[in-house]
Structure formats: structure tokens, C-alpha cells
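> Residue numbers (the numbering used here): 2 to 330.
Just so it is clear, CB atoms sit at the ideal spot from N, CA and C, and this is done for glycine as well.
Because the structure is a prediction, the values reported are computed rather than measured.
Here you go:
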């Protein structure tokens with residue numbers, strides 16, 4: 002059975018509704034499994050109850066096993082906790098993000114994982130087609146920024162990791178297709194041995210799930226396909242909200258005439274989406290596309306805005322900065 006997965010809690014409720022509606026539009030009838038980031042999932046669970054195709058993952062044995070594995074993996078890192086403390090994280094940094102790994106134990110033989118801040122904009126058939134012959138399928142350009150996966154300052158890095166992975170095998174953990182059962186308990190135990198023997202220092206601590214997942218795919222020797230490298234050049238599109246040149250047509254996006262498979266609102270805080278849904282006229286790239294899917298089944302409740310929208314990244318006013326320094330806001 003094939004299905005689509007995401008990771009969520011109630012803080013990203015609005016994004017999840019938009020994602021589910023986009024899946025319903027472009028992959029009708031496809032079952033969806035939501036993995037809980039933490040225990041704050043009351044609204045998400047209620048939404049799952051309302052939709053016949055949606056389930057919440059409740060396998061506590063699987064969740065606890067991955068929790069234990071990830072904590073042990075990062076305990077092996079020589080500087081991770083000091084790095085996390087510098088950015089204000091006590092204990093483990095964004096520890097719930099790794100629960101997306103439960104998809105390797107989950108209900109689907111083949112799955113497409115999508116972050117909650119993504120939208121599906123076309124049929125995912127190309128992912129299923131590639132999974133017929135490949136263990137792991139992605140579609141992104143993270144390989145251009147390997148420093149967000151591995152510590153590229155290590156002199157020994159190239160000797161310890163295959164060049165083919167460093168050059169073309171690095172990927173973003175926000176969108177990928179794979180299959181159940183690729184990481185058995187025995188395989189995880191073996192990977193943990195490698196990490197504890199020194200491999201942990203290779204990992205980039207500030208993207209913990211992404212770094213560890215890349216390592217697992219590499220160390221597991223999985224067959225790998227990045228569509229941004231394997232598709233014909235005239236069929237490749239971008240997928241990030243940071244790209245400003247996409248054209249909107251009928252609630253889809255096009256890159257130089259080619260339709261995007263998905264859009265990732267990467268880097269946008271969930272608070273921005275919440276404010277917009279409360280009627281705050283904050284603008285962000287491709288806002289109308291998000292609002293279309295968010296209110297697909299309730300267009301009459303879609304917020305209306307008056308006046309000129311404020312950019313989501315607009316700098317605070319002088320008065321607000323002054324008050325902030327004085328502790329007034």
C-alpha cells in the first residue's frame with residue numbers, strides 16, 4: 002500500500018489543513034499518516050477523525066525506539082549539546098523532528114514524506130514510479146549546500162564518506178519517497194556503533210533530523226535518486242518558497258512553463274500562517290496558493306484583507322525597536 006506521511010502538532014495546524022487539502026486535490030484517495038511531533042495534537046487528531054483517509058500514528062513502541070536511537074546517536078556527538086545551548090535549546094535540539102523516521106515502521110509499503118509546510122501541486126506518480134527500482138527518491142537542491150548536513154570543515158570528511166554521496170547524494174529531509182522496513186533494529190544498532198566510534202562528529206547539529214537521515218541513507222548503502230539531477234533539464238523545477246520567479250496558474254505554480262510537483266514554505270514560521278488565518282494582512286510568497294488550499298472546503302471563512310499587506314519579514318518600526326530595548330513589548 003502507498004501513502005503520504007507528514008509530521009505535525011497543533012502549532013502547524015493551518016499548514017497541515019492546507020497540505021491535506023492539496024493531497025486530496027492532486028492524489029485523491031491516497032491515505033495519509035500523521036506522525037506526532039509531541040503530545041500537543043488535539044486539533045490534529047480531531048481533523049484526522051473527520052477525514053476517512055487520515056490516521057494518526059499511535060505505535061508507541063516504534064516512537065520510543067526511534068526516540069532512544071536518536072538520543073543515543075546525538076549523545077555520541079562531541080559538540081552537539083554545546084552548539085544547541087548557544088541557540089537556546091536545552092537538552093536535545095528540535096528532538097521531535099526525527100519522529101518522521103517512524104515512517105520506516107509505518108503503515109505504508111511505499112511512502113512519500115512531506116513536511117507540514119509543503120503543498121502537493123501535482124500528481125506524485127513520478128515518486129511511485131521511481132520507487133519501483135530505487136530505495137530513496139528526493140527532489141531538491143540541498144546538495145549545493147552540504148554544510149547543512151555534514152561538518153564540511155573536517156579534514157577527514159572526504160576520506161570517511163563516499164565522494165558520490167558528498168557530490169550528489171545529499172538531500173533535504175522535507176520531501177522524500179522511500180519504503181517501509183529499510184532500517185531494522187539490527188541495522189540501527191550497527192549504525193549506532195559507527196556513530197559512537199567517531200562518525201557522529203560528521204553530522205551538522207542544527208539540522209538534526211536532516212543530518213542523521215542523510216547519514217542513515219549513506220551508511221545503509223541505499224539506492225538513491227534525486228529528480229533534480231535525473232530528470233531532463235527542461236523538466237526540472239525549483240520547489241522552494243525562496244524562489245520568486247514561479248508563475249501562478251489555477252492554484253498551481255510553474256517554473257518556466259513546467260509545473261511544480263510541490264512547494265516548500267521553508268523558513269516561514271508557523272506564527273506567520275496563524276496570523277494570516279486570523280486576518281492579519283501579512284504577505285509572504287505565494288500566499289494566495291496557500292490560502293486556496295487552506296480554505297478549499299470552507300471558502301466563505303477565508304480571511305479578507307484591507308489595505309496594503311505588510312511583508313512577513315518587514316523590519317520593526319523605530320518605536321517598536323525602542324520599546325523592545327526598554328522592555329515595553
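1. Please classify residue 125: is it buried, with 16 or more other beta-carbons within 10 angstroms of its beta-carbon, or exposed?
2. Which of the three DSSP states is assigned to residue 2 in this structure?
3. List the DSSP bridge partners of residue 46.
4. Mind checking whether residue 171 and residue 215 have CB atoms under 8 Å apart?
5. Identify which residue in 283, 282 and 265 has its Cα closest to the Cα of residue 118.
6. Taking a contact to mean a Cβ-Cβ separation below 8 Å, would you say residue 19 touches residue 313 in this structure?
7. Between residue 250 and residue 53, what straight-line distance do the alpha-carbon atoms span, to the nearest angstrom?
8. Candidates 277, 237 and 279: which alpha carbon is nearest residue 261's?
9. Could you check if residue 89 is buried or exposed, using at least 16 other CB atoms within 10 Å of its CB as the buried criterion?
10. For residue 165, tell me which candidate among 218, 174, 193 and 127 has the shortest Cα-Cα distance.
11. So, with DSSP's three-state summary, where would you put residue 232?
12. Here's the rule: buried if 16 or more other CB atoms are within 10 angstroms of the residue's CB, otherwise exposed. What is residue 7?
13. So, are the CB atoms of residue 254 and residue 287 less than 8 Å apart?
14. Where does residue 328 sit, in a helix, a strand or coil, going by DSSP?
15. Between the alpha carbons of residue 48 and residue 77, how many angstroms are there, rounded?
16. Under 8 Å, do residue 271 and residue 211 count as touching if we go by C-beta distance?
17. Below 8 Å between beta carbons: does that hold for residue 106 and residue 181?
18. Residue 57 and residue 24: beta carbons closer than 8 Å?
19. If you compare alpha carbons, which of 129, 93, 134 and 95 is closest to residue 109?
20. Between the Cα of residue 204 and those of 38, 186 and 167, spot the shortest distance and give me the residue it belongs to.
21. How would you write the range of the alpha helix (DSSP H) that residue 276 sits in, first residue to last?
22. Keeping to the same chain, check which residues put their C-beta closer than 6 Å to that of residue 243; ignore five residues upstream and five downstream.
23. Is it buried or exposed for residue 208, if we count other Cβ within 10 angstroms and need 16 for buried?
24. Compute the Euclidean distance between the alpha carbons of residue 101 and residue 246, then round it to the nearest angstrom.
25. Spell out a yes or no on whether the region 225-237 and the region 137-149 are touching, meaning 3 or more CB-CB pairs, one atom from each, closer than 8 Å.
26. If you run the structure through DSSP and keep just helix, strand and coil, what is residue 218?
27. I'd like to confirm the pairing. Which residues does DSSP put opposite residue 227 in its beta bridges?
28. Between 2, 195 and 27, which has its C-alpha nearest residue 263's C-alpha?
29. Taking the beta strand (DSSP E) that residue 176 falls in, what are its first and last residues?
30. I'd like to check one pair, residue 239 with residue 256: are the Cβ atoms closer than 8 Å?
31. Tell me which residues share the same chain as residue 55 and place their Cβ nearer than 6 Å to its Cβ, disregarding the 5 neighbours each side in the sequence.
32. Starting from residue 119 and walking both ways along the beta strand (DSSP E), at which residues does that stretch end?
33. By alpha-carbon positions, which one of 38, 66 and 43 ends up nearest to residue 185?
34. Report buried or exposed for residue 301, applying the criterion of at least 16 other Cβ atoms within 10 angstroms of its Cβ.
On the basis of the supplied data:
1. buried
2. coil
3. In the DSSP output, where bridge partners are listed per residue, residue 46 has none listed.
4. yes
5. 265
6. no
7. 30 Å
8. 237
9. exposed
10. 218
11. coil
12. buried
13. yes
14. Since pLDDT at residue 328 reaches only 39, below the 50 mark, its modelled position is unreliable, and the value read off the structure follows with that caveat. Residue 328: coil per DSSP, three-state reduction.
15. 38 Å
16. no
17. yes
18. no
19. 129
20. 167
21. 271-278
22. none
23. buried
24. 31 Å
25. yes
26. helix
27. 139
28. 27
29. 176-180
30. yes
31. 33 and 49
32. 119-121
33. 66
34. exposed
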